[in-house]
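A.B. asks: Residue numbers (my numbering): 230 to 671.
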Amino acid sequence: MIDLKNEYLSNLKRAAEKIRNNDDIRVYSHYDADGVSSAIIISEILRRQGKKFHLSFLKSFDINAIKEDEDKITILSDLGSDGIAEINDERVILVDHHSIPPIEDKKIIDLNPRTYGYDGSREACSSSVAYLLAISVDDSNNDLFPYYISGAIGDKQDVGGYYGINFRLNEEFGKKYPIKQDINIDGRSVTDAICYSTDPYFIGLTGHRDSVREFLKEMKIDPDSSLEKLSEEQKTKLADKLMLILIKENTSKEGYENLVSKRFFFNSLGVSGKELSSYLDYAGRSGNMGLAVAWEMGDEEAFDKIEKTALSFKDELINEVTRAAETVKEMNHIQVLNVMNESLTGTVSGIVMLYILKKNKPTVGIYKNKGIKISTRATRDLVSKGVDLSTAVATAASAVGGHGGGHNIAAGGEIPLDSENLFLMKLDSIVGEQVGNSKNAS
Ligand code: C5P
Ligand code: C5P
230 MIDLKNEYLS NLKRAAEKIR NNDDIRVYSH YDADGVSSAI IISEILRRQG
280 KKFHLSFLKS FDINAIKEDE DKITILSDLG SDGIAEINDE RVILVDHHSI
330 PPIEDKKIID LNPRTYGYDG SREACSSSVA YLLAISVDDS NNDLFPYYIS
380 GAIGDKQDVG GYYGINFRLN EEFGKKYPIK QDINIDGRSV TDAICYSTDP
430 YFIGLTGHRD SVREFLKEMK IDPDSSLEKL SEEQKTKLAD KLMLILIKEN
480 TSKEGYENLV SKRFFFNSLG VSGKELSSYL DYAGRSGNMG LAVAWEMGDE
530 EAFDKIEKTA LSFKDELINE VTRAAETVKE MNHIQVLNVM NESLTGTVSG
580 IVMLYILKKN KPTVGIYKNK GIKISTRATR DLVSKGVDLS TAVATAASAV
630 GGHGGGHNIA AGGEIPLDSE NLFLMKLDSI VGEQVGNSKN AS
């Protein structure tokens, strides 16, 4: 185990004991890359311990769903803690990293790193916590390392280098996996890798196969070659040219940092950490979590299916990014766009924030159906200037009868259908106050 504050270690031990001493366990997890990765780690802990368990994925902390099996030991993973006070019970193990409201007379076993003074947005995600729990149950569970990495990449905790708890986990358990400074793209061919790359997103190339082939031919690179077959010289040239595109398009700092990075490769799974992360994200968002779990259990057919369908999902994502970016409306301190696919609202908002729209205002993605789903994204630069989307969304949403939260750099919420304009005005004004420009707010 890595070195952690005593209170955190002792609660990890308590949670491990609780798992060892109970046979029937209920698990709820979030449906994004971090949630699915965390769920895979938790399921493996329980399977290896011979426990009976039932896993469900939720879009958010749904207290009614969670209360259905309230007599069982319950593990809540990556769901936030909005309603946690309502189930403040010894049977609940909280595997999370979102801001947590103060709880009087806390009975839950709280493994949220924030509770112990660690930064849940930067140094540990839910998969990091699930992995800490896995090692606390049995040290031999350290082979679940790839799933902690896929969660951390999904939550962008790798960008700019691993830090804090994540860094220490990598030092202690990650040394046996190949890691290489490389271009951060994946695909069967170099053309596929660029064409399907959404983070980084290369304007003019992502989603444009013919342009990618031309671009590669100009560099005397065979468009059908695999990435592994490129010489170091070709890779350097390719990275330089791709960087020029990002510079020309005025990409955010995170965008540049994401072009070349230290990449894990997991031979036993045949994928990079980033590929694993995007496959699990895809599986979760498209309702195919079963495929992800089957793959983890060694089902090769499940992997083939994920690989194929993930590409059509990427096509849908790229189309949605292009379409949504054209709907942008600027307010004083935020920029707002409409997204047509609920499960992509956050992903689309994140891509347009970092790579496509202006970098000086947070991006707000709106999905309308019976109610309105909100996904907001900022840059690290905006956060350093005072932007805190978690507080801003929570305050503006609750002022119009909704709710929300998340992280300073990425937050979400749900609001009533008729409250869009009021919500946006409030959000615009709060963000304006956060960056010290309240006089300009509407
Ligand atoms: O629910 P959870 O906390 O796991 O989700 C965090 C979300 O915030 C993810 O969609 C992740 O990609 C996003 N994020 C981001 N930029 C960051 C950190 C997280 O867009 N720097
Ligand atoms: O849905 P989206 O990816 O935009 O969520 C961004 C972040 O906000 C995630 O960490 C998510 O768990 C959090 N969130 C929240 N409360 C909500 C909606 C989202 O804490 N009601």
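Note that the Cβ used here is the ideal one computed from N, Cα and C, for glycine as well. Keep in mind that this is a model prediction, so the values were computed, not measured.
#1: Could I get the ranges of all uninterrupted beta strand (DSSP E) runs contained in the segment 579-609, with 3 residues as the minimum, in chain order?
#2: Taking all protein chains shown into account, decide if Lys254 is buried (16 or more other Cβ within 10 angstroms of its Cβ) or exposed.
#3: In chain order, which beta strand (DSSP E) runs of at least 3 residues are fully inside the segment 400-481?
#4: Looking at C-alpha atoms only, which residue of Arg514, Asp252 and Glu457 is the closest neighbour of Leu287?
#5: Name, in chain order, the residues that DSSP records as bridge partners for Asn567.
#6: Measuring straight from C-alpha to C-alpha, what distance separates Val593 and Ser627?
#7: Counting C-beta neighbours from all protein chains within 10 Å, is the total for Asp387 16 or more, i.e. buried, or is it exposed?
#8: Near ligand 2, which residues have their beta-carbon closer than 5 Å to a heavy atom?
#9: Just how far apart, CA to CA, sit Ile432 and Thr303?
#10: Can you give me the start and stop residues for the alpha helix (DSSP H) that Ala628 sits inside?
#11: So, helix, strand or coil for Val522, using DSSP?
#12: From this set, Ile316, Leu284 and Ser310, which residue's C-alpha is nearest Glu694's C-alpha?
#13: Given 7 Å as the limit, tell me if Gly383 has its C-beta closer than that to any heavy atom belonging to ligand 1.
#14: Going by other Cβ atoms of all chains shown within 10 Å of its Cβ, with 16 needed for buried, is Ser460 buried or exposed?
#15: Give the secondary structure of Phe495 by DSSP, where H, G and I count as helix, E and B as strand, and everything else as coil.
#16: State whether the segment 554-562 contacts the segment 503-514, with contact taken as three or more CB pairs (one from each stretch) at a distance under 8 Å.
#17: Pull up the DSSP beta-bridge partners for His636, would you.
#18: Determine the contact status of Gln564 and Gly615, defining contact as a CB-CB distance below 8 Å.
#19: For the putative contact between Leu305 and Ile292, defined by C-beta atoms under 8 Å, what is the C-beta separation to the nearest angstrom?
#20: Just mark Ser671 as buried or exposed, buried being the case when its beta carbon has 16 or more other beta carbons within 10 Å.
#21: In the DSSP assignment, find the unbroken alpha helix (DSSP H) run with Thr551 in it and report its ends.
#22: Under 8 Å, with one C-beta from each stretch per pair, do the segment 428-445 and the segment 474-492 reach the 3-pair mark?
#23: I need the boundaries of the alpha helix (DSSP H) containing Arg343, first residue and last residue.
#24: Measure the C-alpha to C-alpha separation of Asp325 and Ser481 and round it to an integer number of angstroms.
#25: Taking the alpha carbon of Ser604 as the point to measure from, which residue in Val612, Leu586, Ser572 and Lys588 has its own alpha carbon closest?
#26: Where does Glu525 land, buried or exposed, given buried means 16+ other C-beta within 10 angstroms?
#27: Return helix, strand or coil for Leu287, following the three-state DSSP convention.
#28: For Arg343, verify whether its CB is less than 7 Å away from any heavy atom of ligand 1.
#29: By Cβ distance, which residues of its chain are closer than 8 Å to Ile535, with the 5 residues on each side in sequence left out?
#30: Give me whichever residues DSSP pairs with His259 in a beta bridge.
#31: Is Cys424 a contact residue of ligand 1, with contact defined as CB to any heavy atom under 7 Å?
#32: Does the Cβ of Leu653 have 16 or more other Cβ atoms within 10 Å, making it buried, or fewer, making it exposed?
#33: I'd like to know if the segment 490-500 and the segment 445-457 are in contact, where contact means that at least 3 CB-CB pairs between them fall below 8 Å.
#34: Verify the contact flag: Ser355, CB atom, against every heavy atom of ligand 1, threshold strictly below 7 Å.
#35: Can you tell me which residues form a DSSP beta bridge with Gly641?
#36: Taking DSSP as the reference, what is the three-state secondary structure of Asp300?
C.D. replies: Checking against the coordinates, here is how it stands:
#1: Counting whole runs of 3 or more residues, the segment 579-609 contains the beta strand (DSSP E) stretches 592-597 and 601-606.
#2: The question names Lys, but residue 254 in the sequence shown is Ile. Using a 10 angstroms sphere on the CB of Ile254, the tally of other CB atoms reaches 16 or more, which defines it as buried.
#3: DSSP runs (the beta strand (DSSP E)) wholly in the segment 400-481: 408-412.
#4: Relative to the Cα of Leu287, the nearest Cα in the group Arg514, Asp252 and Glu457 belongs to Arg514.
#5: Its beta-bridge partners are Ile595.
#6: Near 16 Å, if we compare the C-alpha coordinates of Ser627 and Val593.
#7: Label assigned to Asp387: buried.
#8: The set, ordered by position in the chain, is Gly309, Gly575, Ser604, Gly633, Gly634, Gly635, Ala639, Ala640, Gly641 and Gly642.
#9: Between Ile432 and Thr303, the C-alpha separation is close to 45 Å.
#10: Its alpha helix (DSSP H) spans residues Leu618 to Ala628.
#11: Judged by DSSP in its simplified three-state form, Val522 adopts helix.
#12: Summary: the structure shown does not reach residue 694, with the chain confined to residues 230 through 671, and so no result is reported for it.
#13: Shortest gap from the CB of Gly383 to any heavy atom of ligand 1: under 7 Å.
#14: Around the beta carbon of Ser460, fewer than 16 other beta carbons sit within 10 angstroms, so the residue counts as exposed.
#15: Phe495 falls in the strand class under three-state DSSP.
#16: Touching, no.
#17: Assignment of beta-bridge partners to His636 by DSSP yields no partner.
#18: In terms of Cβ geometry, Gln564 and Gly615 do not form a close pair [threshold 8 Å].
#19: Not really, about 11 Å apart at Cβ, beyond 8 Å.
#20: Any reading at Ser671 is ruled out, since the residue's pLDDT is 30, under 50, leaving its predicted position unreliable.
#21: Run containing Thr551: Glu529 to Ala554, per the alpha helix (DSSP H) assignment.
#22: Result yes; three or more Cβ-Cβ pairs closer than 8 Å.
#23: Here Arg343 belongs to no alpha helix (DSSP H), and DSSP marks it neither H nor E.
#24: Cα to Cα, Asp325 sits roughly 28 Å from Ser481.
#25: Of Val612, Leu586, Ser572 and Lys588, the residue nearest in Cα terms is Ser572.
#26: That one is buried.
#27: If DSSP states are grouped into helix, strand and coil, Leu287 belongs with the strands.
#28: Incorrect: Arg343 has no Cβ contact closer than 7 Å to ligand 1.
#29: Result list for Ile535: Tyr508, Tyr511, Ala512, Asn517, Leu520, Ala521 and Trp524, in chain order.
#30: In the DSSP output, where bridge partners are listed per residue, His259 has Leu287.
#31: Flag unset: Cβ of Cys424 not near ligand 1.
#32: Buried, by the Cβ-count rule.
#33: Inter-segment contact for the segment 490-500 and the segment 445-457 is absent: fewer than three beta-carbon pairs are separated by less than 8 Å.
#34: The nearest non-hydrogen atom of ligand 1 is less than 7 Å from the C-beta of Ser355.
#35: Answer is Ser604 and Gly634.
#36: For Asp300, the three-state secondary structure derived from DSSP is coil.
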